[in-house]
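Those protein sequences? They're chains A and B, same order as listed. The numbering used here applies: residue 3 is where the first sequence begins, and numbers increase by one. The numbering used here applies: residue 3 is where the second sequence begins, and numbers increase by one. Yeah, the Cβ is synthetic: ideal placement off N, Cα and C, and Gly gets one too. Notes for the one structure printed next.
2 protein chains.
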Amino acid sequence: METLTIHEAAATSGWSSRMLRYIERTGLLVPPRTASGYRVYGPGELQRLRTLRELLARFDLGLSDVALAARLEHDRELRDAVHGWLHSQPRRPEHVSAEDWLRFEQEKHERLLAAA
Amino acid sequence: METLTIHEAAATSGWSSRMLRYIERTGLLVPPRTASGYRVYGPGELQRLRTLRELLARFDLGLSDVALAARLEHDRELRDAVHGWLHSQPRRPEHVSAEDWLRFEQEKHERLLAAA
DNA sequence: AAAACCTTGACACGTCGATGGTAATGTTGA
DNA sequence: TCAACATTACCATCGACGTGTCAAGGTTTT
């Protein structure tokens, strides 16, 4: 099991060393350190760095989005509050863009008012 | 059941009319429209606008955060992907700030290396 | 028909997320 | 010991988010 330095990890993960440090600050992936403070990236870290890249690209997310998801995962109070608010919403058809929904609602009410 | 115009809704919800339109664009709260296109805010919308304000203030969230939470709620694929990535993470003690965790990890590895 | 609303679209600005670079300093290994 | 690499801290950029304001044009109300 080899361990990589930050630049080696950067080269093989697709991130820059600058971003590896930034990712650490977000709390999303905090590699261990040597006694003298050097970051140490093992196979596990490498794997997660690669999948993180794919995750962001695939769903067009930012690091802050994943950070929020993490926050939602381990903060039950926050999760419940947000969940509660979302479900106090009037049901709007799923998988419909805001724009389509807007047109839909508009037409629905036009129909309602036209019928009056 | 009275219905309010956007400015009235703004005045009684704590948002500005500008923000009410912006919130609509995010898809978080899309009020119905009159036949001529005027937004119509009812008691339900008013209530949700107020609780939305409290939610953001209480947890220091942005509208984009709640929008992401909504996306996570109704996009199972996204939710599973993010959830999966987060759980591929090495377990880090809950309710610990990134900074504290950093120090903890550092000290842990210093201890390990010192013992070697 | 005029006043007082509403609508969309545009310009503007501060903050923050995401990135890169550089400087000053400590660590490692030949 | 010297070259190569690491660390933190700071400066800079660029786009997105959050917000205000204003203009040009419909709608409602009196």
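Problem set entry | Secondary structure of A/Leu-6, DSSP reduced to three states | Three-state result, A/Leu-6: strand.
For this session: Using a Cβ cut-off of 8 Å (strictly closer), state whether B/Arg-50 contacts chain A.
Result: Yes - at least one Cβ of chain A is within 8 Å of the one on B/Arg-50.
Exercise. In whole angstroms, what is the alpha-carbon distance linking A/His-9 and A/Leu-65?
Worked result: 20 Å
Exercise. How is the alpha helix (DSSP H) around B/Asp-62 delimited, first residue to last?
Worked result: No alpha helix (DSSP H) contains B/Asp-62, which DSSP labels as neither H nor E.
Exercise. Where DSSP assigns a beta bridge to A/Tyr-127, which residues make up the other side?
Worked result: No information on residue 127 of chain A is available, as it lies outside the stretch 3 to 118 that chain A covers here.
Exercise. So, do the segment 30-43 of chain A and the segment 77-87 of chain A have three or more beta carbon pairs nearer to each other than 8 Å?
Worked result: no
For this session: Could you tell me whether any Cβ in chain B is nearer than 8 Å to the Cβ of A/Ser-90?
Result: yes
Problem set entry | is_contact[B/Leu-22, chain A] using C-beta, thresh 8 Å | no
For this session: Please go through the same chain and pick out, in chain order, the residues whose beta-carbon is closer than 7 Å to the beta-carbon of B/Ala-22, but skip the five residues on each side of it.
Result: Looking at the sequence itself, residue 22 of chain B is Leu, so the reference to Ala does not match. Ile-8, Ala-11, Ala-12.
Problem set entry | Interface flag, A/Asp-102 vs chain B, CB-CB below 8 Å | Because the pLDDT of A/Asp-102 is 47, which lies under 50, any placement of that residue in the model is unreliable, and the number read from its coordinates should be weighed accordingly. Cβ-Cβ to chain B under 8 Å: no for A/Asp-102.
For this session: Report the partner residues of A/Arg-35 according to the DSSP bridge assignment.
Result: A/Arg-41
Problem set entry | Proximal chain A residues relative to B/Asp-67, where beta-carbon distance stays under 7 Å | Leu-70
For this session: May I have the straight-line CA-CA distance separating B/Leu-6 from B/Trp-17, to the nearest angstrom?
Result: 14 Å
For this session: Kindly list, in the order they appear in chain A, the residues whose Cβ is closer than 8 Å to that of B/Leu-17.
Result: Before going on, a small fix: residue 17 of chain B reads as Trp here, not Leu. Result: empty, since nearest Cβ-Cβ is about 15 Å, beyond 8 Å.
Problem set entry | Within 8 Å, strictly: CB atoms of A/Leu-48 and B/Glu-75 | no
For this session: Please go through the same chain and pick out, in chain order, the residues whose beta-carbon is closer than 6 Å to the beta-carbon of A/Arg-93, but skip the five residues on each side of it.
Result: Per-residue confidence for A/Arg-93 stands at a pLDDT of 46, beneath the threshold of 50, marking its modelled position as unreliable; no derived number is given.
Exercise. Based on Cα-Cα distance, which residue from A/Leu-31, A/Ala-72, A/Ala-71 lies nearest to A/Arg-52?
Worked result: A/Leu-31
Exercise. Leaving out the 5 sequence neighbours to the left and right, which residues in its chain are closer than 6 Å to A/Glu-56 when beta-carbon positions are compared?
Worked result: none
For this session: Go through its chain and collect everything with a Cβ distance to B/Pro-33's Cβ below 6 Å, but skip five positions before and after it.
Result: Arg-41, Val-42, Tyr-43, Glu-47
Exercise. Name the chain A residues whose beta carbon is nearer than 7 Å to that of B/Pro-75?
Worked result: Reading off the sequence, residue 75 of chain B comes out as Glu, not Pro. Those are Leu-88, listed as they occur along chain A.
Exercise. Would a check of beta-carbon distances place A/Thr-14 closer than 8 Å to chain B?
Worked result: Cβ-Cβ to chain B under 8 Å: no for A/Thr-14.
Exercise. In chain A, which residues lie less than 9 Å from B/Thr-7 when you measure between Cβ atoms?
Worked result: Ordered by position in chain A, no residue passes the 9 Å Cβ test against B/Thr-7, which lies about 15 Å from the chain.
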